[in-house]
Amino acid sequence: MRNMLPLLKETDFPAICRGRLETLQVNVGYKCNQACLHCHVNASPNRKETMSRETLDSVLAFLKASSVETIDITGGAPELSPHFRELVVQARRMGKHVIDRCNLTILEETGFEDMPEFLAQHQVEIIASLPCYLEANVDQQRGEGVYAASIRALKKLNALGFGRVGSELLLSLVYNPIGPCLPPAQEGLQADYKRELGDRHGIQFNRLYTLANMPIARFGSTLVSKGEFNGYMALLRRSHRDENLSQVMCRSLISVDYRGYVYDCDFNQMLAIPLHCDGCSRTHLRDLIGRDLHGSPIMVADHCYGCTAGQGSSCGGALS
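Counting from 2, one number per residue, gives the positions in the sequence shown under this note's numbering.
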């Protein structure tokens, strides 16, 4: 896999600083039951990286001492972490809002049959990947049979109340473009998703989040191999909008890897660009307990244009 940082490090992206920390995003490991083309984590069934008990204890200690409101658990398939359930239970006991970044097909794997009930019991918000409402497009990006498995999983979640009108169990879906283009307007695409999934399968959900593909990791390497990298970067640059800078997710979020080291966002984590730290090479989460990050500089590179292009892109979908 190509190292993308040398192509992205030199940048004229505007300098930005942190606001109030609201979300702790925790990557519990890179192992996944899928290997998607657009995956910026390079996750796959062959990855071995996973969070240790010691790192879990650091995460829980930070949560206990922090005023962050949300813990956003991601991977890989985060459910594959041996500590996933304990992290959820302990975070909920602290009164934190918990998000599970779920790929849906994990809910059909052996040993995970009761995961939907577990997530419902602890009122975990599910943000689930479904890059299109059409079977051919999903299977092209994520593998044969993924669409059918995802639909079955969504029906199980709906049966428990996730995504249904009047229910407190939140279920949102995530759209990624298949190729080197910006996602369409989020509001209009959400209406299409709700109509098509409702009419075809009787599926309900709360919101659709549209995310731009980042020119890093597996997707970035594919762009380079096809000679499309420069064209995609030019698209991101000319689509940049300054008004999106105030809402980018790195202003209110920090990303923690499976070893406990901290980054400004999940994308910087994959590029090994650590959180700004005077006099040190990288920062561990345990070193941030009691420390206020407000106003500290955010580390940027050319991939950051992926968050500010067009309607903007973040873990919470479009910015404008």
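The C-beta atom is built at its ideal place from N, Cα and C for all residues, glycine as well.
Closest by CA to residue 49, which one among 41, 59, 157, 34? For the purposes of this step, residue 49 is taken as the residue at position 48 of the sequence shown. Residue 49 has its Cα closest to that of 34, out of 41, 59, 157, 34.
On a CA-only basis, which of 134, 218, 261 is nearest residue 7? Give me that one, please. The residue given as residue 7 occupies position 6 in the sequence shown. It is 218.
Inspect the beta-carbon positions of residue 66 and residue 213 and report whether they are closer than 8 Å. Residue mapping note: residue 66 aligns to position 65 of the sequence shown, counting from 1. Residue mapping note: residue 213 aligns to position 212 of the sequence shown, counting from 1. No; because the gap between Cβ atoms is not below 8 Å, this pair is not in contact.
Residues near residue 91 by beta carbon distance below 7 Å, same chain, minus five either side: Along the sequence shown, one-based indexing puts residue 91 at 90. The residues are 61.
On the three-state DSSP scale, how would you describe residue 322? Within the shown structure, residues of the chain are numbered from 2 to 321, placing residue 322 beyond reach of any answer.
So what does residue 62 bridge to, in DSSP terms? Against the sequence shown, residue 62 aligns to sequence position 61. Answer is none; residue 62 lacks a bridge partner.
Assuming contact is defined by CB atoms lying nearer than 8 Å, are residue 78 and residue 104 in contact in what I supplied? What you label residue 78 is simply residue 77 of the sequence shown in a count that begins at 1. What you label residue 104 is simply residue 103 of the sequence shown in a count that begins at 1. Residue 78 places its beta carbon less than 8 Å from that of residue 104.
Three-state class that DSSP yields for residue 254 in the structure shown: Position 253 of the sequence shown, counted from the first residue, corresponds to residue 254. Residue state, collapsed to three classes: strand.
Classify residue 41 as buried or exposed, calling it buried when 16 or more other Cβ atoms lie within 10 Å of its own Cβ. Translated into positions along the sequence shown, residue 41 becomes position 40. It counts as buried.
Expressed to the nearest angstrom, what Euclidean distance is found between the alpha-carbon atoms of residue 193 and residue 110? As a working mapping, residue 193 is identified with position 192 in the sequence shown. As a working mapping, residue 110 is identified with position 109 in the sequence shown. If I take the Cα positions, the gap works out to 29 Å.
List the DSSP bridge partners of residue 32. As a working mapping, residue 32 is identified with position 31 in the sequence shown. Within the DSSP secondary-structure output, residue 32 pairs in a beta bridge with 45.
Roughly how many angstroms lie between the CA atoms of residue 14 and residue 277, to the nearest whole one? Indexing the sequence shown from 1 puts residue 14 at position 13. Indexing the sequence shown from 1 puts residue 277 at position 276. Rounded to whole angstroms, residue 14 to residue 277 spans 16 Å at the Cα level.
Beta strand (DSSP E) segment containing residue 102, residue limits: The sequence position of residue 102 within the sequence shown is 101, counting from 1. For residue 102, the uninterrupted beta strand (DSSP E) segment begins and ends at 98-103.
For residue 221, which residues of its own chain have a beta-carbon under 6 Å away from its beta-carbon, when the five flanking residues on both sides are left out? In the sequence shown, counting from the first residue as 1, residue 221 sits at position 220. Here the set comprises 5.
From 44, 314, 168, residue whose alpha carbon lies closest to that of residue 176: In the sequence shown, residue 176 corresponds to position 175, counting from 1. If you compare the alpha carbons of 44, 314, 168 with that of residue 176, the shortest gap goes to 314.
Where the alpha helix (DSSP H) containing residue 89 begins and where it ends: For the purposes of this step, residue 89 is identified with residue 88 of the sequence shown, where counting begins at 1. Here the alpha helix (DSSP H) through residue 89 covers 85-94.
On the DSSP bridge assignment, give the partners of residue 298 in chain order. The residue you call residue 298 lines up with position 297 of the sequence shown. Its beta-bridge partners are 18.
Roughly how many whole angstroms lie between the Cα atoms of residue 184 and residue 255? Position 183 of the sequence shown, counted from the start, is the residue given in the question as residue 184. Position 254 of the sequence shown, counted from the start, is the residue given in the question as residue 255. Their Cα atoms are separated by approximately 25 Å.
Taking the straight line between their C-alpha atoms, what separation do you get for residue 135 and residue 148? Position 134 of the sequence shown, counted from the first residue, corresponds to residue 135. Position 147 of the sequence shown, counted from the first residue, corresponds to residue 148. C-alpha separation (whole angstroms): 8 Å.
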